[in-house]
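Scroll down for the structure; my scribbles are underneath it.
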Amino acid sequence: MADKSFEQSVIAERSMLVKFARLHLQEDAAEDVAQETLLAALQNAAGFSGKSSLRTWLVGILKHKIVDLIRKEKKYVQITQEETGDPTDFDVLFDDTGHWAEAPADWGNPAETLQQSQFFDIMDFCLNKLTPVMARVFSMRELFEFEIAEICKELKITASNCSVLLYRARMQLRLCLDQNWFDGRTSRA
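Numbering (the numbering used here), first residue to last: 151 to 339.
Shown next as structure tokens:
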């Protein structure tokens with residue numbers, strides 16, 4: 151069994167786990183998966199080697215729990231034009247040759263950045279600004295490493311629709327992260 155300080159540290163991450171799970175699941179399911187993650191972490195405290203942060207380890211467990219649940223329940227999402235429509239004009243980000251009009255900000259060392267809890271908060275903020283379907287498609291592809299065909303099957307969308315959603319999600323996340331993190335500010339202004 152885990153010692154008290156480890157147990158308290160794990161339990162302190164509960165709200166973050168629930169927020170992350172809500173990107174992919176209904177409220178009740180998100181709560182359940184977060185609780186299962188905490189239980190699994192406490193039962194397997196020896197599995198935490200300290201090579202990554204506790205938060206990273208817990209999110210890894212949570213990701214597997216979410217994927218298992220999604221596959222088990224075979225949830226289907228109906229996507230409407232309103233959910234995929236986006237007023238943001240990404241064409242202004244590129245020049246006539248298709249290259250970035252402005253070079254992206256220097257994002258530093260991605261491995262170090264992911265370890266910073268402030269970055270995780272900003273990333274969560276940016277993900278929550280996406281439409282639910284965009285956040286789900288992005289997370290399934292980039293965080294859970296689903297194949298495009300698998301995402302399309304799970305969500306009952308076409309490959310081209312999936313690609314559009316991924317593109318829009320990436321562009322919105324890039325803009326949000328540039329504005330709220332990589333330019334040196336860590337506020338949500």
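Built from N, CA and C at the ideal position, the CB exists for glycine as well. Since the model is a prediction, treat every value here as computed from it, not as a measurement.
Query                                                                                                                     : Result
Which residues mark the beginning and the end of the alpha helix (DSSP H) in which E304 is found?                         : I298 to L305
Mind checking whether A309 and A299 have CB atoms under 9 Å apart?                                                        : yes
Residue range of the alpha helix (DSSP H) that N311 falls in?                                                             : A309 to L327
So, does the segment 269-287 touch the segment 192-201, judging by three or more C-beta pairs under 8 Å?                  : no
If you run the structure through DSSP and keep just helix, strand and coil, what is F244?                                 : strand
Around the Cβ of E163, are there at least 16 other Cβ atoms within 10 angstroms (buried) or fewer (exposed)?              : buried
Give me the residue from T206, L243 and K303 with the minimum Cα distance to F170.                                        : T206
Could you tell me the distance, in whole angstroms, from the CA atom of I161 to the CA atom of Q176?                      : 21 Å
What's the gap between the Cα of L293 and the Cα of K213?                                                                 : 8 Å
Specify the secondary structure class of T234 as computed by DSSP and reduced to three states.                            : Residue confidence is low: T234 scores 48 on pLDDT, short of 50, so the model does not pin down where it sits. Its coordinate-derived value is still stated next. Three-state result, T234: helix.
Starting from D178 and walking both ways along the alpha helix (DSSP H), at which residues does that stretch end?         : E177 to Q193
With a threshold of 16 other CB atoms inside 10 Å of the CB of S199, please say whether the residue is buried or exposed. : exposed
Run through DSSP, which three-state label would V168 get?                                                                 : helix
Given a cut-off of 9 Å on the beta-carbon distance, is the pair I216 and V183 in contact?                                 : yes
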